[in-house]
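All letters in the sequence shown, in the order written, are residues 1 to 420 by the UniProt record's numbering.
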Amino acid sequence: MSFSLVSNAHLDESSAKIRSKPVPWEGYQRADLVTSEELALIKKVDRQPRAKVESIHLSDGQTYALLYLRLLKKLQRVDTMQCLLVLIADTLLDHDERIPLFARAALSDPDLPYAPLIRTLEAQDDFVQLKSAQILTVLLSSESTPLQHQHLQPFLKVLASLVQSQSSNKRDVAVQCLEALLARPECRRAVWAIPGIIAGFVEILRHKPGPQMSYQVIFCIWLLSFEQDVAEQINKKYDIIPLLITVAQAAVKEKVIRVIIATFRNLITKAPSANLPAMLVAQLLTFSKNLSTRKWSDEDILEDVQYVRDELERNFESLTTYDEYTSELASGHLSWTPVHESDAFWRENASKLNDRDYEQLKTLIRLLDSSDPVVLAVAVHDLGQYVKHYERGKKVITDLGAKARAMELMNHPDPDYSAY
1 MSFSLVSNAH LDESSAKIRS KPVPWEGYQR ADLVTSEELA LIKKVDRQPR AKVESIHLSD
61 GQTYALLYLR LLKKLQRVDT MQCLLVLIAD TLLDHDERIP LFARAALSDP DLPYAPLIRT
121 LEAQDDFVQL KSAQILTVLL SSESTPLQHQ HLQPFLKVLA SLVQSQSSNK RDVAVQCLEA
181 LLARPECRRA VWAIPGIIAG FVEILRHKPG PQMSYQVIFC IWLLSFEQDV AEQINKKYDI
241 IPLLITVAQA AVKEKVIRVI IATFRNLITK APSANLPAML VAQLLTFSKN LSTRKWSDED
301 ILEDVQYVRD ELERNFESLT TYDEYTSELA SGHLSWTPVH ESDAFWRENA SKLNDRDYEQ
361 LKTLIRLLDS SDPVVLAVAV HDLGQYVKHY ERGKKVITDL GAKARAMELM NHPDPDYSAY
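Given below as structure tokens:
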């Protein structure tokens, strides 16, 4: 993995300042924290011109990779950690072939290369934390064997907090790190087990970021969607389908639409029954028909759009009116579609809400706690229709504990809630 794949202007600017700052290496030697050999080596590269440092790394790369990691392991002053992290990053920048030099440090000390970098992730200094994340991403992404739990798990927990941070720099670095790591199946499974990361992605998209951040976050979601568990559950847990449609409708960059449609294709391919109903309720069929008439510079987009459109059409044609209703119910996005106000529909289908131990009725009752006023109004209305058209309806709703909530909504100042 190229070091430049995780790039951030703030980190670059801070690194330039840190390169010129003095570090008290001689003081560390006097305190027996640094050996005379280590001091001699570090003085050769400390605050030296890049060309000179490059020449030293070329001839003595393994020695310096080990030196930087050993010093990072034992020295904990913030300015010193900053300096060492910049030296490590500079060693790797534009030199992917040097990544194995750091991996081979484990032969001299099993704590290396990861333990010091994972410790610095917990630093209170933002630069130290983000620079460590950048370096860890490069090293972990380049591993040829599955990543070990003790290296991956603490890193992902820190990334979860960064991706939910109020700081745009922290979010930016975290998303780029995840974008690189999620190419690995073991990382996808580990990320899916940490709800904060996906919740962070959703929150970023809801705040309408710029095209590049939108693309990178959705690229992460696309990578996650290759996992069966993710494809089956992500919309149920995070309501991702309507959100991605909203982002696509507002997108000005083709690549954002491309990665969203590719994500939908994965969700349909891997878990059609979990995702097609929600896609139909969110009007993805109409949107995909519109997309199929556009001109695209990338032919793959049109192929994916046509696949999504065709699957939705096939599913739509086989839907009964009741299927449409249960799809809308499952999505949690009730709206005033004609079915809700059709007496004929309720006469024919009210009792079907009792099937499978009142499964659909319980779903409808759960929507009485919605914060969306339209969903709430439609849910109350539908319960009123159920009671009207199913003779034991009131008793069933009482037995299921929904009567009190329904009565509360009857007295709501909004007249739309008084249907029950």
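We put the beta carbon where it would ideally sit given N, CA and C, even for glycine.
Beta-carbon within less than 7 angstroms of residue i's beta-carbon, same chain only, minus the 5 sequence neighbours each way: which residues are those?
i	result
residue 317	none
residue 99	92, 138, 139, 142
residue 181	137, 140, 141, 187
residue 298	254, 258
residue 427	Nothing can be reported for residue 427, as the shown portion of the chain is limited to 1 through 420.
residue 315	276, 280
residue 189	227
Given a threshold of 16 other Cβ atoms within 10 Å of its Cβ, counted over all protein chains shown, does residue i qualify as buried or as exposed?
i	result
residue 58	exposed
residue 179	buried
residue 172	buried
residue 407	exposed
residue 20	exposed
residue 401	exposed
residue 381	buried
residue 66	buried
residue 328	buried
residue 286	exposed
residue 252	exposed
residue 347	exposed
residue 31	exposed
residue 349	buried
residue 113	buried
residue 250	exposed
Grab the span of the alpha helix (DSSP H) containing residue i for me, first residue to last.
i	result
residue 153	149-163
residue 241	240-250
residue 25	25-30
residue 325	321-331
residue 183	No alpha helix (DSSP H) holds residue 183; DSSP gives it neither H nor E.
residue 289	284-291
residue 394	393-399
residue 40	36-45
residue 337	Premise fails: residue 337 is in no alpha helix (DSSP H) and is neither H nor E.
residue 137	126-141
residue 369	Neither: residue 369 is in no alpha helix (DSSP H) and is coded neither H nor E.
residue 227	From DSSP, residue 227 is part of no alpha helix (DSSP H); its letter is neither H nor E.
residue 304	299-317
Take residue i and list the residues in its own chain whose beta-carbon comes closer than 8 angstroms to its own, dropping the five residues that flank it on each side.
i	result
residue 122	129, 158
residue 35	29
residue 183	141, 223
residue 271	228, 231, 232
residue 193	none
residue 282	241, 242, 245, 331, 333
residue 61	91, 98, 101
residue 352	322, 360
What would DSSP say about residue i, mapped onto helix, strand or coil?
i	result
residue 218	helix
residue 354	helix
residue 52	helix
residue 100	helix
residue 8	coil
residue 270	helix
residue 63	helix
residue 360	helix
residue 390	coil
residue 77	coil
residue 257	helix
residue 115	helix
residue 93	coil
residue 16	helix
residue 205	helix
residue 120	helix
residue 166	coil
residue 109	coil
residue 33	coil
residue 22	coil
residue 146	coil
Note down, in chain order, each residue of its chain lying with its Cβ closer than 6 angstroms to the Cβ of residue i, except the 5 sequence neighbours on either side.
i	result
residue 10	169
residue 176	6
residue 296	302
residue 39	25, 29
residue 85	131
Are there any heavy atoms of the ligand MG lying less than 7 angstroms away from the beta-carbon of residue i, as far as the coordinates show?
i	result
residue 408	Ligands are entirely absent from the displayed structure, and the ligand MG is therefore not among its contents.
The stretch 301-314 touching the stretch 335-348, judged by at least three CB pairs closer than 8 angstroms: no
Cβ contact (3+ pairs, closer than 8 angstroms) linking the stretch 272-291 and the stretch 230-245: yes
Three or more C-beta pairs below 8 angstroms linking the stretch 103-112 and the stretch 145-156: no
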